[in-house]
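S.K.:
Protein chains: 2
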Amino acid sequence: MAEAPPFATAASKAAAEAGTVLAPRFDADGLVTAVVTAVEGGDVLMVAHMNAEALRLTIETGIAHYWSRSRGMLWRKGDTSGSLQHVAEMRVDCDQDAVWIKVRVDGSGASCHTGRRTCFYRAVALGGAPAAEAALTFVEAEPLVDPETLYGR
Amino acid sequence: MAEAPPFATAASKAAAEAGTVLAPRFDADGLVTAVVTAVEGGDVLMVAHMNAEALRLTIETGIAHYWSRSRGMLWRKGDTSGSLQHVAEMRVDCDQDAVWIKVRVDGSGASCHTGRRTCFYRAVALGGAPAAEAALTFVEAEPLVDPETLYGR
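Protein chains in written order, with this note's numbering: chain A, 55 to 207; chain B, 55 to 207.
1) Shorter than 9 Å from the beta carbon of L109 of chain B to some beta carbon of chain A?
2) Under a CB-based cut-off of 9 Å, is T134 of chain B close to chain A?
3) Applying a beta-carbon distance threshold of less than 7 Å, which residues of chain A neighbour W154 of chain B?
4) Return the chain-ordered list of same chain residues with a C-beta closer than 8 Å to the C-beta of G116 of chain B, the five sequence neighbours on each side being excluded.
5) Residues bridged to V178 of chain B by DSSP?
6) In this structure, does DSSP put M55 of chain A in helix, strand or coil?
7) When the Cα atoms are used, what is the spatial distance from A88 of chain A to G182 of chain A?
8) Output yes if chain B places a C-beta closer than 9 Å to the C-beta of P197 of chain A; else output no.
9) Flag R207 of chain B as yes if its beta-carbon sits less than 9 Å from any beta-carbon of chain A, otherwise no.
10) With DSSP as the reference, identify every bridge partner of S135 of chain B, one or two as the case may be.
11) Can you name the residues that DSSP bridges to R130 of chain A?
12) What are the start and end residues of the beta strand (DSSP E) that includes A92 of chain A?
13) For A65 of chain B and Q150 of chain B, I'd like the C-alpha separation in whole angstroms.
14) Below 7 Å on C-beta distance, what does D160 of chain A contact in chain B?
15) Just mark R170 of chain B as buried or exposed, buried being the case when its beta carbon has 16 or more other beta carbons within 10 Å.
16) On the DSSP letters alone, give me the boundaries of the beta strand (DSSP E) that A185 of chain B sits inside.
17) If the cut is a Cβ gap below 8 Å, which residues of chain A does A190 of chain B touch?
18) Return the Cβ separation of F174 of chain B and W154 of chain A in integer angstroms, given the expectation that the two are a contact with Cβ distance under 8 Å.
19) Output yes if chain B places a C-beta closer than 9 Å to the C-beta of L180 of chain A; else output no.
20) According to DSSP, is R145 of chain A helix, strand or coil?
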């Protein structure tokens, strides 16, 4: 017998926005967007996706789980690298198709597969037409850890 | 004659991740994800999407533009409500399929269509299986402005 789906479905957009029932609005691929920020400093560390199982496990365990679209599998972030993400707070947005989690990161503290703390390590030049070259400036150039050490590649 | 596309295409994943060329990786719908945070306090205000034109206009003007998936149109946020978002900084993530913008918001300061400062106005209870009811707690209950005033609805 199949398990009951762990989440409710909102009766209406108004109910999803105004209520206290968690009724995630998964997209056609069964995913919600997850924005991950650091408890310390508040920087955005990464953007990822959760399916129902990843969301359930994140809520139950307090450790961030995602759905890897590239690998097509459930993914407890940090299982390979040691940089587990402990969720201090989770919020859901108005129409419940995105969650925001604030995390503390174990190990090296790197959340990016490049070994950097954040995936958002480059700033975009603003003002004027987008530059063809050199539009990006490294804000966080140095990895915290060598990705070859983390992942053996 | 068609305009040249304003953005480069990365030669490889490695080039996209390590380089200084802005080469957004638009998805099958032609969109990148945009995470929007407040300059003051750093809270996540909303998650939205940009097509190439919205991204170009945001970079050129320093005012946030999005692609509305529900309305199928380009959208300069705040044109109706008065709450324009001024971009203080833009960053791009490792594989360039998401941008993070830090904004200052005009007018009422509301970025959510419910009239609240942030779309993420409810926290999700953590620890234990997802609750069927009352899983959400209002963190920011009161709108800054009545949405009926903003949008006449």
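All C-beta atoms in this analysis are idealised placements derived from N, C-alpha and C, irrespective of residue type, glycine included.
All values derive from a computational prediction rather than experimental measurement.
M.R.: Reading it off the structure:
1) Numbered from 1 along the second sequence, position 55 holds the residue referred to as residue 109 of chain B. So, interface residue.
2) If you number the second sequence from 1, residue 134 of chain B lands on position 80. No - not a single Cβ of chain A is within 9 Å of the one on T134 of chain B.
3) Working through the second sequence from its first residue, we reach residue 154 of chain B at position 100. Here the neighbours are V98 and F174.
4) Translated into the one-based positions of the second sequence, residue 116 of chain B becomes position 62. Here the set comprises H140 and V141.
5) Residue numbering aside, residue 178 of chain B sits at position 124 when the second sequence is read from its first letter. For V178 of chain B, which the question treats as bridged, DSSP gives the partners B:L190.
6) The count along the first sequence starts at 1 and reaches residue 55 of chain A at position 1. With a pLDDT of 44 at M55 of chain A, under the threshold of 50, the modelled position of this residue cannot be trusted; read the value that follows with caution. M55 of chain A falls in the coil class under three-state DSSP.
7) Sequence index remark: in the first sequence, residue 88 of chain A carries index 34 (1-based). Sequence index remark: in the first sequence, residue 182 of chain A carries index 128 (1-based). Answer to the nearest angstrom: the Cα atoms are 31 Å apart.
8) Here residue 197 of chain A refers to the residue found at position 143 of the first sequence. No, its Cβ sits nowhere closer than 9 Å to a Cβ of chain B.
9) Numbered from its first residue, the second sequence carries residue 207 of chain B at position 153. Note that R207 of chain B scores 49 on pLDDT, short of 50, meaning its location in the model is unreliable and no value can be drawn from it.
10) Here the question's residue 135 of chain B lines up with position 81 in the second sequence. S135 of chain B is not bridged to any residue.
11) Taking the first residue of the first sequence as position 1, residue 130 of chain A is located at position 76. A:H119, per the DSSP bridge assignment.
12) Counted from its first residue, the first sequence places residue 92 of chain A at position 38. Taken as a continuous stretch (DSSP letters only), the beta strand (DSSP E) holding A92 of chain A covers V86 to A92.
13) In the second sequence, counting from the first residue as 1, residue 65 of chain B sits at position 11. In the second sequence, counting from the first residue as 1, residue 150 of chain B sits at position 96. Each residue's alpha carbon lies about 13 Å from the other.
14) Taking the first sequence and counting its residues from 1, the one referred to as residue 160 of chain A is at position 106. Those do not exist, as D160 of chain A stays about 17 Å from chain B at its closest Cβ, beyond 7 Å.
15) Working through the second sequence from its first residue, we reach residue 170 of chain B at position 116. That one is buried.
16) Numbered from 1 along the second sequence, position 131 holds the residue referred to as residue 185 of chain B. No residue range can be given for A185 of chain B, since it is assigned to no beta strand (DSSP E) and is classified by DSSP as neither H nor E.
17) For the purposes of this step, residue 190 of chain B is taken as the residue at position 136 of the second sequence. Note on identity: in this sequence residue 190 of chain B is Leu, with Ala being the wrong assignment. Within 8 Å Cβ-Cβ: G73, T74, V75, L76 and V146.
18) Against the second sequence, residue 174 of chain B aligns to sequence position 120. Against the first sequence, residue 154 of chain A aligns to sequence position 100. In this structure F174 of chain B touches W154 of chain A by the C-beta definition: roughly 5 Å separates them, less than 8 Å.
19) Residue mapping note: residue 180 of chain A aligns to position 126 of the first sequence, counting from 1. Proximity of L180 of chain A to chain B, defined by a Cβ-Cβ separation below 9 Å, is satisfied.
20) As a first step, residue 145 of chain A is located in the first sequence; it is residue number 91 there, counting from the start. R145 of chain A falls in the strand class under three-state DSSP.
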